[in-house]
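From first to last, the protein sequence lines are chains A and B. All letters in the first sequence, in the order written, are residues 111 to 677 by our numbering. All letters in the second sequence, in the order written, are residues 931 to 1258 by our numbering.
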Amino acid sequence: MFKKSNLLLMLALSLLLVFAACSSDDDTPADAAEGQDQETTDSGEATGEYQTEPVVTYSFFNAADSGRDINTNETVLGQLFEEQTGVNFDLEHIVGDINQRIGVMVASGDYPDVIVPDAAIDTLLDAGAFIPLNDLLEEHGPNILEMYDEYIDRFTMEDGNIYWIPFGATVNEFKPMANIDQGAFWIQRGVLKENGFPEVTTLDEYFDLITQYADENPEIDGMRTIPFTGLTYDWRFFAFANAPNHLAGFPNDGDVMVDMETYEASVYADSEHTKRYLQKLNELNAEGYLDQEMFVMNYDEYLAKLTSGRVLGFFDYGWQWGNARDALRDAGDPDKEFMALPIVFDEDIVDQYIEPPAFTQNRGAAITVNAENPERIIQFWDNLVKEENQRLIMWGFEGEHYEVDEDGMFYRTDEQLVLTAEQSERDRVGMSVFEWNWPRINGSFSDGNAVEPRRQAEVALADYSEADREYLEAYGIETFAELFAQPQDRPWYPAWSANIEQGSDVQIFEERSEEMKKRHFARIVLADPADFEKEWNDFVEAYRSLDVDAFENFFTEVVEQRLRGEW
Amino acid sequence: MSLQQTPTPTAPNPSPKGSVKNPTGFKLFLRRCKEQRVLLYMSIPFIIWLIIFRYLPVAGWVMAFQDFRPARPMFEQDWAGFKHFEFLFTDPRFMEVMRNTLAMSFINLILGFVTAISLAILLNELRNVTFKRIVQTISYMPHFLSWVVAAGLVSAALSMENGIINIILTNIGIIDRPVMFLGIGEYFWGIIGLSDVWKNVGWNSIIYLAAITMIDTEQYEAAEIDGASRLQRIWHITLPGMRPVIVILLIMNIGYILESGFEAQYLLMNPMNMDYAENLDIFVLRYGINMGNFSLATAAGMFKTVVSFIFLFSANSIAKKLGEARLF
Chain A
111 MFKKSNLLLM LALSLLLVFA ACSSDDDTPA DAAEGQDQET TDSGEATGEY QTEPVVTYSF
171 FNAADSGRDI NTNETVLGQL FEEQTGVNFD LEHIVGDINQ RIGVMVASGD YPDVIVPDAA
231 IDTLLDAGAF IPLNDLLEEH GPNILEMYDE YIDRFTMEDG NIYWIPFGAT VNEFKPMANI
291 DQGAFWIQRG VLKENGFPEV TTLDEYFDLI TQYADENPEI DGMRTIPFTG LTYDWRFFAF
351 ANAPNHLAGF PNDGDVMVDM ETYEASVYAD SEHTKRYLQK LNELNAEGYL DQEMFVMNYD
411 EYLAKLTSGR VLGFFDYGWQ WGNARDALRD AGDPDKEFMA LPIVFDEDIV DQYIEPPAFT
471 QNRGAAITVN AENPERIIQF WDNLVKEENQ RLIMWGFEGE HYEVDEDGMF YRTDEQLVLT
531 AEQSERDRVG MSVFEWNWPR INGSFSDGNA VEPRRQAEVA LADYSEADRE YLEAYGIETF
591 AELFAQPQDR PWYPAWSANI EQGSDVQIFE ERSEEMKKRH FARIVLADPA DFEKEWNDFV
651 EAYRSLDVDA FENFFTEVVE QRLRGEW
Chain B
931 MSLQQTPTPT APNPSPKGSV KNPTGFKLFL RRCKEQRVLL YMSIPFIIWL IIFRYLPVAG
991 WVMAFQDFRP ARPMFEQDWA GFKHFEFLFT DPRFMEVMRN TLAMSFINLI LGFVTAISLA
1051 ILLNELRNVT FKRIVQTISY MPHFLSWVVA AGLVSAALSM ENGIINIILT NIGIIDRPVM
1111 FLGIGEYFWG IIGLSDVWKN VGWNSIIYLA AITMIDTEQY EAAEIDGASR LQRIWHITLP
1171 GMRPVIVILL IMNIGYILES GFEAQYLLMN PMNMDYAENL DIFVLRYGIN MGNFSLATAA
1231 GMFKTVVSFI FLFSANSIAK KLGEARLF
């Protein structure tokens, strides 16, 4: 049996390799942990309202985004804030699976000083990883309390404590986006131009326009024209399933639409709206106007398709296909770019694509039990949310990153637009570091300028190309968002941000319904039109066998609570 | 990369039933230990590894019977009985998930074995060493690709527009117009099986090549003198020579029958083929890990272990009955 022993030796060797690989992995977090709480002795003058000595370095773990792992004082703004408060942060961004990473943290109790836990926020809260911030804020965070004033209740937990600070409290006036980065039916601009810039409101008009153009232009750049497509891959499937909700004149509240009079939440997956939309797609498919790969492509293939210039229309959220949008702009054929249209089912429906001011209270930055002298962190945050510092983070330095016109409004020159769009510049100044994941404001400054440059009309206008202006003029609008109706008042918005208890029936319903929609919607749309009714009824039956009522009741309750001001 | 096999001198088979002249029982055991102490020392790190990473975590199975919440001591958790097992086994999708898992596992197992053994034999028969090296290197290169990349390649190759598979098949006239391979659920198992072969065949063949090099060359010379053809030599010398390795690997792989892979299925899955793509690992990811329900994930893990155990032992005892090489 010498062969067997050899075989075992080989297995042993491979195990050794695995072991070696594992152990080196395990070292990294330990090393990082040792590096935390290092106090550097730096002799800076203690000026201003904050304690600036000794200079303290805190560890900061960001589980929400990937990014560069640097110290905040390696950026211009980080340096400035360190001078003001004597605090800097060693940033660490998540690599790999969030639950796994947070799970290890919880099991070992080895937390960073500050954490942005994203989806793992409940796990950490449950584990008692956060310290309550109420007293600290009372004592050291007057600016935070002022800026977050009307939102404080929303992120105060049932036990009366505040454990994290969410991002983006709207202060002063809410500024909607000048361009559409939210849901919309997009259309290739050439289609509009060819037809003399028609007004397109209803779904039928939209599809008529597209199919007619596709008939006239069966090929674009030598490739087959794709009249209509959509994104259905993995968790992004909602970009397909949400469309009927928008067509019916509701904003993205998640899986439910909330009645504006009774404030009742109801699912729309098996509603007439969804049926109507799917039936339309089913017809398009039967006539060969639907992208055959709609339910097969992955996200990359989808983006590649949009970039190819052969797609005439699709529904999606603007932020999901930003890469493709940039690529189309760079390609330099303005008629191949897309324009957002507020499409609805019928003329009398008011579109609600633009999101009402929203505040996501169940995400934020938290201080953990491991942090020494947490008041220094609060002081740093307090300094951060001051208007002048927010202006630096969002806009940069006057003369370098923005200009001020005679009315006191900020704008950016062409060079400044290019400069501030450059990642290297944003990294150098520290805009990319501080613009999110730290306590911050949104809306507008006390002087009327938008907090975020992208919400400033002056900036958007300066950024429009000649071709953009042609379309804007043809439709008699100043910004592309003007085609869309202003958001109605929905104080509960967005319903989907409700805290759903892990493992609860509501959560299991969400998962099951998501899976069911994926399976059935593809079948319904691709079915022979004669089988449409049957496929649809199959879905409704399956869907109704789930605990729909519990789900609807949960959200109705959430809406009621929020209307009462309990978040 | 080359595997150098130093032919071990034929060590006496350490059978516990030694001859009557030798000491027996505990004394024999101690003597053997002394004789083989170097080997024992060498195995210590692995035994420690085994205990820490394979035996200690078994205590965590307790989680399967609780509503586990992290960072709470083990015995302050809420006990849930068999709730999670019940959820697992009564879920309407469970049977389909098991069907997919087993089907893909068996396809991978059989395809993997047949192709890796064939490749090893073919490579062994090559006389041109340079060509052999090139083929070997190219064939195991995909193994080092992550599935994320590999799935991207597979999906691009199978694409309806400009996918190389569709282009080739239409040009040689097998199909009239492009087929949406990833959109037809029935094809999914085959796609996974073939992708797995493409990715791993070279790598898997290494161990068989090593087994072949251990076969005494005199046997080939003798066969040649007796006038055996190449095919006869493969059939009568190479294959029997590899048999112990094949059987042992087969037994071990059968133990992993519920591990049908995760990344490939997850990445190639879409709404149109999910009926055939969703396997146990994806199911557990969705209802266990994604929902923070570690108890359900543990319950599924326990179930997998029990099934593996049964398969492993049955395969081993069948091998034993047939008088083949076996694990224990």
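Quick reminder that beta carbons are idealized off the backbone N, C-alpha and C, glycines included.
Counting only runs of 3+ residues, the beta strand (DSSP E) found wholly inside the stretch 296-347 of chain A occupies 336-340, in chain order. Within the same chain, P597, R600 and Y603 come within 6 Å of P466 (chain A) by CB-CB distance, once the 5 residues on both sides are set aside. At least one CB of chain B lies nearer than 8 Å to the CB of G613 (chain A). When DSSP states are grouped into helix, strand and coil, Q996 (chain B) belongs to the strand group. Within chain A, no residue has its beta carbon less than 8 Å from that of G1231 (chain B); the closest one is some 15 Å off. Straight across, the Cα-Cα distance linking F1192 (chain B) with K446 (chain A) is about 39 Å.
The continuous alpha helix (DSSP H) containing F664 (chain A) extends over residues V658 to L673.
DSSP, read as helix, strand or coil, puts M626 (chain A) in helix. Using a CB distance cut-off of 8 Å, P1000 (chain B) counts as an interface residue toward chain A.
Spatial neighbours of N1183 (chain B) in its own chain (CB-CB distance under 7 Å, excluding positions within 5 residues in sequence) are listed in chain order as L1039. Taking 9 Å as the cut-off between beta carbons, the residues of the stretch 195-211 of chain A near chain B are D207, N209 and Q210, in sequence order. At the C-beta level, L656 (chain A) and S623 (chain A) come within 8 Å of one another. Taking C-beta atoms as the reference points, N392 (chain A) and I634 (chain A) count as a pair closer than 8 Å.
In summary, the residues of the stretch 1176-1201 of chain B whose CB is separated from some CB of chain A by less than 7 Å are I1178, N1200 and P1201, in the order they occur in the chain. L451 (chain A) and P308 (chain A) have their alpha carbons spaced roughly 11 Å apart. In the three-state reduction of the DSSP assignment, T523 (chain A) falls in the coil class, being assigned neither a helical nor a strand state. Distance from the Cα of V454 (chain A) is smallest, within the candidate group A:E588, A:F317, A:E532 and A:D344, for A:F317. Taking 8 Å as the threshold, the shortest C-beta distance from Y343 (chain A) to chain B falls below it. Assigned with DSSP and collapsed to three states, T233 (chain A) falls in helix. I587 (chain A) sits in coil when the DSSP states are folded into three classes, being neither helix nor strand.
Within chain B, the C-beta atoms nearer than 9 Å to that of T233 (chain A) come from R999, P1000, A1001 and G1222, in chain order.
For A481 (chain A), the nearest beta carbon of chain B is not closer than 8 Å to its own beta carbon. In this structure the stretch 209-227 of chain A does not lie against the stretch 561-568 of chain A, because fewer than three pairs of beta carbons, one per stretch, are closer than 8 Å.
Between the C-alpha atoms of G419 (chain A) and A229 (chain A) there is a straight-line separation of about 36 Å. Comparing C-alpha distances from T185 (chain A) to each of A:G553, A:V669, A:E545 and A:A652 shows the shortest one belongs to A:E545. Inter-segment contact for the stretch 375-390 of chain A and the stretch 1220-1233 of chain B is absent: fewer than three beta-carbon pairs are separated by less than 8 Å. Counting along the chain, the unbroken alpha helix (DSSP H) around D436 (chain A) starts and ends at G432 to A441. Within the same chain, and ignoring the five residues on either side of N472 (chain A) in sequence, the residues whose Cβ sits closer than 7 Å to its Cβ are I231, S607 and N609.
Residues of the stretch 1241-1253 of chain B that bring their beta carbon within less than 8 Å of a beta carbon in chain A are absent altogether. The alpha-carbon of T1168 (chain B) is positioned some 16 Å away from that of D1156 (chain B).
Residues of chain A whose Cβ lies closer than 9 Å to the Cβ of S1085 (chain B) are, in chain order, V406, M407, N408, D410 and E411. Looking at the DSSP output, T266 (chain A) sits in a beta bridge with A:I272.
Straight-line spacing of the CA atoms in A1158 (chain B) and V1059 (chain B) works out to 23 Å. Put simply, the CB of R346 (chain A) is far from chain B, with every gap to its CB atoms at 8 Å or more.
In chain A, no part has a C-beta under 9 Å from the C-beta of I981 (chain B); the shortest such distance is about 13 Å. Check the Cα spacing between V1109 (chain B) and each of A:V406, A:D179 and A:V216: the tightest is with A:V406.
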